[in-house]
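Just below is one structure, and these are the notes that go with it.
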Amino acid sequence: MSAHTGHQRPGDGDLPPEPAKTGSSAGPEDTGAKSEARASPRRFWSARRVPAVIVASLSLAAVGLLLYDVVSVRAGRPAMGWRRRLADELATRPLDDVWIIVGAAVAMALGLFLIVLAVTPGLRSLLPMRQPPGSRGTGEVRAGLDRRAVALLLRDRAVRVSGVESARVDVGRRKIKVRAQVHFRDLDEVRADLDAALGEAVASLGLARRPTVTVHVRRPKKG
Numbered sequence: 017m018s019a020h021t022g023h024q025r026p027g028d029g030d031l032p033p034e035p036a037k038t039g040s041s042a043g044p045e046d047t048g049a050k051s052e053a054r055a056s057p058r059r060f061w062s063a064r065r066v067p068a069v070i071v072a073s074l075s076l077a078a079v080g081l082l083l084y085d086v087v088s089v090r091a092g093r094p095a096m097g098w099r100r101r102l103a104d105e106l107a108t109r110p111l112d113d114v115w116i117i118v119g120a121a122v123a124m125a126l127g128l129f130l131i132v133l134a135v136t137p138g139l140r141s142l143l144p145m146r147q148p149p150g151s152r153g154t155g156e157v158r159a160g161l162d163r164r165a166v167a168l169l170l171r172d173r174a175v176r177v178s179g180v181e182s183a184r185v186d187v188g189r190r191k192i193k194v195r196a197q198v199h200f201r202d203l204d205e206v207r208a209d210l211d212a213a214l215g216e217a218v219a220s221l222g223l224a225r226r227p228t229v230t231v232h233v234r235r236p237k238k239g
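Throughout, the numbering used here is defined as the position within the sequence shown, counted from one, plus 16.
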């Protein structure tokens with residue numbers, strides 16, 4: 017049984033310390049640990065409770081009403097008016113009728129929507145974190161970082177760079193875009209410092225798939 021620590025928000029912009037680097041010699045165990053850490057992690061899957069409850073409730077209501085009408089007809093009573101009218105409409109309306117086309121399009125759209133919900137993980141706001149070596153598949157707790165928390169942390173790290181007046185950070189699953197306004201210092205120097213600072217910050221987050229960081233710097237508009 018796995019869980020996730022969704023919507024975690026690091027406090028005060030502090031980052032976890034990076035692990036100490038050892039010598040360049042690595043044995044078979046180290047090589048296996050590195051390859052396991054590089055393995056593509058599984059994303060968190062949403063439970064889809066609300067869509068499941070809605071679909072189950074509507075299906076139960078429709079099937080229950082139809083079953084009641086069928087039993088009533090079997091007992092010698094006349095069928096409900098809505099079922100007689102629906103049968104007449106389906107028998108008399110041509111296939112190129114506007115309402116038939118609209119109903120088919122709506123049903124197809126709903127079906128495709130439910131298929132997409134069934135085959136996609138959801139929870140796109142959570143970025144999976146690396147699992148410790150040897151813990152994959154052991155049923156231990158899985159961790160994830162909220163993308164908004166990552167954006168706040170990286171923005172805090174960006175504004176600490178000398179010359180940066182403000183910064184905007186957009187965190188995606190594979191890319192992080194940083195837009196910074198610089199009020200002094202050379203733009204190339206500030207960009208280089210931002211690349212180094214944000215690269216170090218992203219590496220220390222412990223994400224399972226390290227996103228690429230793109231930095232754009234500019235001067236504020238003169239008003």
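All C-beta atoms, glycine included, are put in the ideal place defined by N, C-alpha and C. Because the structure is a prediction, the values reported are computed rather than measured.
Would you tell me roughly how many angstroms separate the C-alpha atoms of residue 66 and residue 73, rounded to the nearest one? Rounded to whole angstroms, residue 66 to residue 73 spans 11 angstroms at the Cα level.
Please confirm if the segment 110-118 is in contact with the segment 190-197, defined as three or more CB-CB distances below 8 angstroms between the two stretches. No, the segment 110-118 does not touch the segment 190-197.
Rounded C-alpha distance that separates residue 70 from residue 174: Going by the C-alpha atoms only, they are around 44 angstroms apart.
Three-state secondary structure (DSSP) of residue 220: Residue state for residue 220 is assigned as helix, using DSSP reduced to three classes.
Are at least three pairs of beta-carbons, each pair with one atom in the segment 131-139 and one in the segment 205-224, less than 8 angstroms apart? Contact annotation: the segment 131-139 does not touch the segment 205-224, with fewer than three C-beta pairs closer than 8 angstroms.
Contacting residues, own chain, Cβ-Cβ under 6 angstroms from residue 62 (five flanking each side not counted): Around residue 62: 138, 139.
Just how far apart, CA to CA, sit residue 185 and residue 121? If I take the Cα positions, the gap works out to 40 angstroms.
Under 8 angstroms between the Cβ atoms of residue 198 and residue 235? Their beta carbons are under 8 angstroms apart, which means residue 198 touches residue 235 by this criterion.
Determine whether the beta carbon atoms of residue 210 and residue 231 lie at a separation below 8 angstroms. Going by C-beta atoms, residue 210 is nearer than 8 angstroms to residue 231.
Drop a sphere of 10 angstroms on the beta-carbon of residue 224, count the other beta-carbons inside from all chains shown, and report buried for 16 or more, exposed for fewer. Classification for residue 224: buried.
Which class does residue 87 belong to by DSSP, given the choice of helix, strand or coil? Residue state, collapsed to three classes: helix.
If we count the other Cβ atoms within 10 Å of its Cβ and call it buried at 16 or more, is residue 196 buried or exposed? Counting every other CB atom within 10 Å of its CB across the protein chains shown gives residue 196 a total of 16 or more, marking it as buried.
Looking only at its own chain, which residues have a Cβ that is under 6 angstroms from the Cβ of residue 89, when we skip the five neighbours before and after it? The residues are 95.
Once DSSP output is grouped into helix, strand and coil, what is the label at residue 179? Residue 179 carries a coil assignment under DSSP once its states are collapsed to helix, strand and coil.
What number of angstroms, rounded off, separates the C-alpha of residue 75 from the C-alpha of residue 123? Looking at the two C-alpha atoms, the distance is approximately 14 angstroms.
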